[in-house]
Amino acid sequence: MAEKIRVCAEGEIEDGGFKVIALKEPVAIFNLGGEYYALNDHCTHEKCSLTQEGYVIGDELECGWHYAKFSIRTGEVTAPPATRNLKTYEVLIEGAEIFVVIPDPE
1 MAEKIRVCAE GEIEDGGFKV IALKEPVAIF NLGGEYYALN DHCTHEKCSL
51 TQEGYVIGDE LECGWHYAKF SIRTGEVTAP PATRNLKTYE VLIEGAEIFV
101 VIPDPE
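And the structure:
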């Protein structure tokens, strides 16, 4: 059964901001205009932290090491050298709380 993890209260992540939670792999939760998205925080090219080493540019996340880019909304690669998309997670808003849904291990 999937696990629902509380991230924070809805107002804690400002528009254009993010929060990282430490799970088996770090997961970054982004607020883009009041819509929330959750992605793995490691670049699929060289595994650096995208939130610590990279940059948020509009609705994209750019790796600070080799400048790969990813869509925050979908996790898809938008610029090389990365070739694999970021893992994404379902985000739920219940009341005024933000949760990330972690699927069962495959």
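By full-length UniProt numbering, the letter at position 58 of the sequence shown is numbered 58, and the numbering carries on one by one without gaps. Glycine is no exception: its CB is placed at the ideal position from the N, C-alpha and C atoms.
| said: On the DSSP bridge list, what partners appear for E97? | reply: A9 and E94
| Are there 16 or more other CB atoms within 10 angstroms of the CB of V101, so buried, or fewer, so exposed? | exposed
| said: Measuring straight from C-alpha to C-alpha, what distance separates V77 and E94? | reply: 30 angstroms
| request: Determine the direct distance from the alpha carbon of G17 to that of G33, and round the result to whole angstroms. | output: 10 angstroms
| request: State the Cα-Cα distance for the pair G54 and W65, rounded to the nearest angstrom. | output: 8 angstroms
| Classification of G75 by the beta-carbon crowding that lies within 10 angstroms, buried from 16 upward | buried
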